[in-house]
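Residue numbers (the UniProt record's numbering), protein chains in the order written: chain D, 1 to 163; chain V, 1 to 163.
Here a beta-carbon is modelled for each residue, glycine too, at the ideal position from N, C-alpha and C.
Just so you know, these numbers come straight off a predicted model, no measurement behind them.
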DNA sequence: GCTTGCGTTCGAGCGCGCTCGAAGTCCTAG
DNA sequence: CTAGGACTTCGAGCGCGCTCGAACGCAAGC
């Protein structure tokens, strides 16, 4: 998927450097090379989700999508950009409800920037905690793999049953 | 002991920050200093879950738990160790169904080690992918925080609506 | 004209993982 | 003797995030 590719390159660019990387991401998240507007199927494809889910997001008030003369949805760059953000937040576990709140703040204008920032800071912490938890799980699984995959020692039985 | 070494390295990898990591690793490692057997409330507390959830796991066939003379559950070291593993797998997104399968393999004996190993390898990859996805989300959120929290430049408006 | 295919709306259904509550048992403290 | 509290079993309920299907519209191709 295109977005992932873009972000992956952004990540690679990141490395250890600070503020420069921000600009790099900015550049890379511009959906260059993507059509002016797309059908729901194309958008779903790009976002690695389903047309059903996109309609669901719209029903939930997360994004407004224009229509063509047949009443078919037309996803323009703005809608797609918002959906890229939304799906990224969903992937990191932000509930629909919170996204609705966030979007409501966006729609409410500049004076809500503070609250939005608070939400982002809180979600950043949540993501970091998730990563820590997953790293622990990864360690546990790798440990178990080591006991299974290595020489079949006496440990295996001990750990089989439980740990 | 190998376990301590691995966990120590895990701690270092994680930056040894916060009570959360420490506590989690404590849960991950061994149950030294933990009573010989515990009530469901104590076990739930230790595992950071609810008695209801522990009964649910038992009903699902994931663990067998002894009873005292009153029919109350007694979680011994083996049960707790298994539950530590199970909750760790749950935290990293392994479905109950897969855990049931894994436990069935464990109960089936040594000849299933290979299949268990396969499951663990697959789950390891799943965890790694999750971590990658979360890292991308983290980057995206930090980028947005930077545009909001830094000097309020012209970018803010552009990105507000969508990206 | 008719089929195929992609879209629409709407409401219902589903899978998952708990979560809860009712009704009962047992021990302990007052 | 009684009240409280922690536990038991059981089945039902819930919150979330889609997911599906029915009934329909429109436009192109044979």
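- request: Assign residue 66 of chain V to one of three DSSP states: helix, strand, or coil.
  value: strand
query: Does DSSP put residue 37 of chain V in a helix, a strand or coil?
result: strand
- prompt: For residue 119 of chain V, which residues of its own chain have a beta-carbon under 6 Å away from its beta-carbon, when the five flanking residues on both sides are left out?
  reply: 102
Chain-ordered chain D contacts of residue 92 of chain V [CB-CB under 8 Å]: 133, 134, 137, 138, 141
message: Would you say residue 55 of chain D lies against chain V (beta-carbon separation less than 8 Å)?
response: no
query: To which residues of the same chain is residue 34 of chain V closer than 8 Å at the C-beta, ignoring the five residues directly before and after it?
result: 46, 77, 80
- prompt: Would you say residue 61 of chain V reaches chain D, if we count a Cβ-Cβ gap shorter than 8 Å as a contact?
  reply: no
query: Can the beta-carbon of residue 96 of chain D be found closer than 8 Å to that of residue 60 of chain D?
result: yes
Min CB distance residue 145 of chain D to chain V below 8 Å: yes
field: residue 63 of chain V and residue 88 of chain V closer than 8 Å at C-beta
entry: no
task: Give the secondary structure of residue 76 of chain D by DSSP, where H, G and I count as helix, E and B as strand, and everything else as coil.
output: strand
- prompt: Under 8 Å between the Cβ atoms of residue 148 of chain V and residue 117 of chain D?
  reply: yes
- prompt: Given that a residue counts as buried once 16 or more other Cβ atoms are within 10 Å of its Cβ, and exposed if not, what is residue 75 of chain D?
  reply: buried
- prompt: If you draw a straight line from the alpha carbon of residue 104 of chain D to that of residue 39 of chain D, how long is it in whole angstroms?
  reply: 25 Å
query: Between which two residues does the alpha helix (DSSP H) carrying residue 149 of chain D extend?
result: 113-149
query: What is the DSSP secondary structure of residue 87 of chain V, counted as helix, strand or coil?
result: helix
query: Roughly how many angstroms separate the alpha carbons of residue 27 of chain V and residue 84 of chain V, rounded to a whole number?
result: Residue placement at residue 27 of chain V cannot be trusted, given a pLDDT of 49 that sits under 50; what the coordinates show is reported in the next sentence. Using only the alpha carbons, I get a separation of about 7 Å.
field: Pairwise C-alpha distance: residue 68 of chain V and residue 136 of chain V
entry: 49 Å
- prompt: When you compare only the Cα positions, how much space is there between residue 174 of chain D and residue 130 of chain D?
  reply: Residue 174 of chain D lies beyond the residue range present for chain D, which begins at 1 and ends at 163; the question has no answer from this structure.
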